[in-house]
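In UniProt numbering, the protein residues as written are 1 to 605.
What follows is the structure, encoded as structure tokens:
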């Protein structure tokens, strides 16, 4: 914390200065950049601000590595300052607010320059042709800026490039096959999130060292080139959000033994899943959602022992029972997304889901499935045709974060056991036929940030504890029998003090027990079960008989009222009874005093 002292630049024996991650503020003293001794300067992850000024020196700077990333610098990086840094090998300016165009002098008289990171700034304009003069550059990152125009041909003259990352800019044009082949040492190519068009050139297959290819969310089209099969070192292939078409069988995935992440979602691919894909034994994540694929899975998918995420949603896959039976042997599978397939098929039997030992998330929404709801772990079963009640055992799914059963034909009560899902963040039971009261156990869901139980037939007061005060009215609309001070339908006295048919669990947080319109105080055995009871109001009824001795054992009872009944016999003197006022007992003409006061009450008076 604090400012950087300019005197650090005068320390003639100082070779490396690393003061990163220290919450430093203020500007960067020019003395550091002009130092005759410092070769490595790292001030990253601070709160440094300001612009860089033109620096001139009669001697060349000794600086080899400059890391000023993750600060608050603004303005442009002056060319004269770069001009004196002839020994520069690495410059990291990422994650700041630099503006203007990329300096054209970056590579002038810098024979050792290898690393340039300009990502996450506000650079605009075209990529300068002069970058092609960085003959020794190995890493070039300029993603998340506002760069425009086409990829200059000169850029592909840097045959030393191993890492080229320019995602999320406004670049346009095509990938010239004659240019791509020049980058024979390329390991990572990331051009996603730009306006590129055209096909993936066949020359991509000549990049034998390529490990990651990111061409997601461009406007590229055409069929997948078979030449991708030659990129045998590929670990990551991300082509999502494009207009690629044709069949996956164009690529022989059996040659891509190192593949770990494959994402082709949101394209126009057709056909079936090729058998060769099941040879990618190191695959961790496979995403093929939102295409036009059909058929089913082969049992060979169990060869993918490392597979943790499988997303096949919104295709034309069929036979859900067969697919789940096959996948149940994929013991490492964590997340399975299959919604938008299996139209109008029957929901599989419960036994179908045995074997998913590590599955944490399953989405089968928008399948128009019908049948009884199985008792197993669910995340998203919305927009189906399930009938029956929600099984109470759902409360055993303690890891559940999201539960969506909306737009079905479920009926009965909301299970109280849902209150056991202590990690639940989203609960959507809207558009069903659920009845009865909202269980107060839902007040125990302290991480619940989204609740939707609208358009059911729920009744009674809306709970007020837990997260309920944070939910909007839209969470409850379409339930005309629900009441709340914030709704059009306010709660009456009868609503707020429910009759004996309402379980005391509705008030478990406040430990309130109220009986209205009753005929007798409960038996002693029943009262003994409420050792933590704090409030007991039985007033204005027709209760008869004596006060059970067990009432004296309610040591937390601070509010007691049995007025206006037909009680008899002496008022108890033990426990908390000496603390209650006369008004707690009036209206019982056959009840005899005296109304005792506790010793502490007398002393305080």
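Glycine included, C-beta positions come from ideal geometry on N, C-alpha and C.
| Asked | Found |
| --- | --- |
| Below 8 Å between beta carbons: does that hold for residue 97 and residue 74? | yes |
| Any idea if residue 358 is buried or exposed, counting beta-carbon neighbours within 10 angstroms, 16 or more meaning buried? | exposed |
| For the beta strand (DSSP E) containing residue 623, name the first residue and the last one. | With the chain covering only 1 through 605, there is no way to say anything about residue 623. |
| Looking only at its own chain, which residues have a Cβ that is under 6 Å from the Cβ of residue 175, when we skip the five neighbours before and after it? | 201 |
| Can you tell me which of the three DSSP states residue 388 falls into? | strand |
| Name the DSSP beta bridge partners of residue 483, please? | 461 |
| Need the endpoints of the alpha helix (DSSP H) that residue 83 sits in, please. | 79-83 |
| Pull up the distance between the alpha-carbon of residue 138 and that of residue 248, whole angstroms please. | 33 Å |
| Could you tell me which of 115, 182, 239 sits nearest to residue 167, measuring between CA atoms? | 239 |
| Judging by CA-CA distance, which residue of 368, 316, 352, 320 is the nearest neighbour of residue 328? | 352 |
| If you measure between the beta carbons of residue 414 and residue 434, is that distance less than 8 Å? | yes |
| Which whole-angstrom value is the C-beta distance of residue 451 and residue 482, which I expect to be below 8 Å? | Contact flag wrong, Cβ pair sits at about 13 Å. |
| Round the Cβ separation of residue 269 and residue 234 to the nearest angstrom and send it over; I've been treating them as touching at under 8 Å. | That belief does not hold up - the Cβ atoms of residue 269 and residue 234 are roughly 18 Å apart, past 8 Å. |
| Please report the straight-line C-alpha distance between residue 218 and residue 170, rounded to a whole angstrom. | 10 Å |
| Contact defined as beta carbons within less than 8 Å: I believe residue 49 pairs with residue 77. What is the distance between those atoms, to the nearest angstrom? | Wrong, their Cβ atoms sit about 15 Å apart, outside the cutoff. |
| Since residue 23 and residue 44 should fall inside the 8 Å C-beta cutoff, what is the C-beta to C-beta distance between them, to a whole number of angstroms? | That belief does not hold up - the Cβ atoms of residue 23 and residue 44 are roughly 12 Å apart, past 8 Å. |
| Give, in chain order, every unbroken run of the alpha helix (DSSP H) that is at least 4 residues long and sits entirely within the stretch 124-167. | none |
| Between the Cα of residue 199 and the Cα atoms of 216, 185, 188, which residue gives the shortest distance? | 216 |
| Taking residue 238 as part of the beta strand (DSSP E), name the residues at either end of that continuous run. | 236-238 |
| Starting from residue 178, trace the beta strand (DSSP E) both ways and give me its first and last residue. | Here residue 178 belongs to no beta strand (DSSP E); instead the alpha helix (DSSP H) covers 177-180. |
| If you pair each beta-carbon of the stretch 119-131 with each one of the stretch 89-103, do three or more pairs fall below 8 Å? | yes |
| Taking residue 189 and residue 164 to be in contact with their CB atoms under 8 Å, please state how far apart those CB atoms are, rounded to whole angstroms. | 5 Å |
| Please check the pair residue 244 and residue 281, which I expect to be a contact at CB under 8 Å, by giving their CB distance rounded to whole angstroms. | Not confirmed; about 25 Å, so no contact. |
| Relative to the C-alpha of residue 105, which candidate in 95, 88, 119, 261 has its C-alpha closest? | 88 |
| Going by CA-CA distance only, name the one from 368, 52, 316 that's closest to residue 381. | 368 |
| Using three-state DSSP, classify residue 42 as helix, strand or coil. | strand |
| Residue 563 to residue 449, Cα distance in whole Å? | 42 Å |
| What residues in its chain sit with their C-beta under 8 Å from that of residue 21, if we drop five residues either side in the sequence? | 44, 45, 46 |
| Write down the C-beta distance between residue 582 and residue 565 rounded to the nearest angstrom, noting that I regard them as a contact closer than 8 Å. | Actually they do not touch by this definition, with Cβ atoms about 15 Å apart. |
| Can you give me the C-alpha to C-alpha distance between residue 265 and residue 371, rounded to a whole angstrom? | 30 Å |
| Can you have a look at residue 241 and say buried or exposed, based on whether 16 or more other CB atoms are within 10 angstroms of its CB? | buried |
| Around the Cβ of residue 178, are there at least 16 other Cβ atoms within 10 angstroms (buried) or fewer (exposed)? | exposed |
| Using DSSP with H/G/I as helix, E/B as strand and the rest coil, what is residue 67? | strand |
| With DSSP as the reference, label residue 546 as helix, strand or coil. | coil |
| Considering residue 220, what are the terminal residues of the beta strand (DSSP E) in which it resides? | 219-223 |
| Does the beta-carbon distance from residue 154 to residue 132 come in below 8 Å? | yes |
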